[in-house]
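Taking this note's numbering, the leading residue of the sequence shown gets 13, the next gets one more, and so forth. Positions of the beta carbon are idealized from the N, C-alpha and C atoms, including for glycine.
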Amino acid sequence: MNITNGISHKGPIGIILLGLAIILGFFLIGEWLGEWLNLSIPGSVVGMVLLILALLSGLVKIEWVEREAEFLVRNMSILFIPPGVGVVTYLSLIKSQAVPIFAALILSFLVTLVATAKVVELVREKNGRGESK
């Protein structure tokens, strides 16, 4: 991104605040629904699903949230600093449980890898792009 034309092409501040308010609103609704319905799914995920449904239905236009969402994704690493610092306080627990923790990490990675490969395979077959063997 060119620093000299950073904010000028993003439009008025009201549009930026509207996009952030929409994203925050869906997050808060998801948190509330997750708590109210006692879901095992995190409220932030519920809010994201609701936002996707609102985008697909046309209730929310992509132009309203696109730039703000891109900004949040580009700066997502900042959001991981507090949990990373919090891990330091549990180093003794992590050391004593290192084998089960790493086993769970490796297993979840492998399950995710296989599931992703299967989904890609199914999508390619559905779209007629599967390679003939």
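If you draw a straight line from the alpha carbon of residue 133 to that of residue 26, how long is it in whole angstroms? Stepping through the sequence shown from its first residue, residue 133 is reached at position 121. Stepping through the sequence shown from its first residue, residue 26 is reached at position 14. Roughly 43 Å separates the two Cα atoms.
Please state if the CB of residue 35 and the CB of residue 46 are separated by a distance shorter than 8 Å. Numbered from its first residue, the sequence shown carries residue 46 at position 34. Numbered from its first residue, the sequence shown carries residue 35 at position 23. No, these two residues do not count as a Cβ contact at 8 Å.
Would residue 111 be called buried (16 or more neighbouring beta carbons within 10 Å of its own) or exposed? Along the sequence shown, read from residue 1 onward, the residue named residue 111 stands at position 99. When all chains shown are included, residue 111 counts as exposed.
Taking 8 Å as the threshold, find out whether the region 58-74 comes into contact with the region 87-102 through three or more Cβ pairs. no
Helix, strand or coil at residue 16 [DSSP, three-state]: Numbered from its first residue, the sequence shown carries residue 16 at position 4. For residue 16, the predicted structure reports a pLDDT of 38, less than 50, and the residue's modelled location is therefore unreliable. The matter cannot be settled from this model.
Assign residue 140 to buried or exposed, taking buried as 16 or more other Cβ atoms, counted over all protein chains shown, within 10 Å of its Cβ. Counted from its first residue, the sequence shown places residue 140 at position 128. Classification of residue 140: exposed, given that the 10 Å Cβ count is below 16.
If you compare alpha carbons, which of 108, 66, 41 is closest to residue 55? Residue mapping note: residue 55 aligns to position 43 of the sequence shown, counting from 1. Considering only alpha carbons, the answer is 41.
For residue 119, count the other beta carbons within 10 Å of its own beta carbon; 16 or more makes it buried, fewer makes it exposed. Which is it? Counting from 1 along the sequence shown, the entry for residue 119 is found at position 107. Burial call: exposed.
Spatial neighbours of residue 80 in its chain, beta-carbon cut-off 7 Å, leaving aside the 5 residues before and after: For the purposes of this step, residue 80 is taken as the residue at position 68 of the sequence shown. Same-chain partners within the cutoff: 28, 31, 32, 35.
If distances are taken between C-alpha atoms only, which option among 38, 115, 83, 48 comes closest to residue 61? Within the sequence shown, numbered from 1, the residue matching residue 61 stands at position 49. With distances taken between Cα atoms, residue 61 lies closest to 38.
Are the Cβ atoms of residue 65 and residue 58 separated by less than 8 Å? Reading the sequence shown from its first residue, position 53 is the one you call residue 65. Reading the sequence shown from its first residue, position 46 is the one you call residue 58. Taking 8 Å as the Cβ cut-off, residue 65 and residue 58 do not qualify as a contacting pair.
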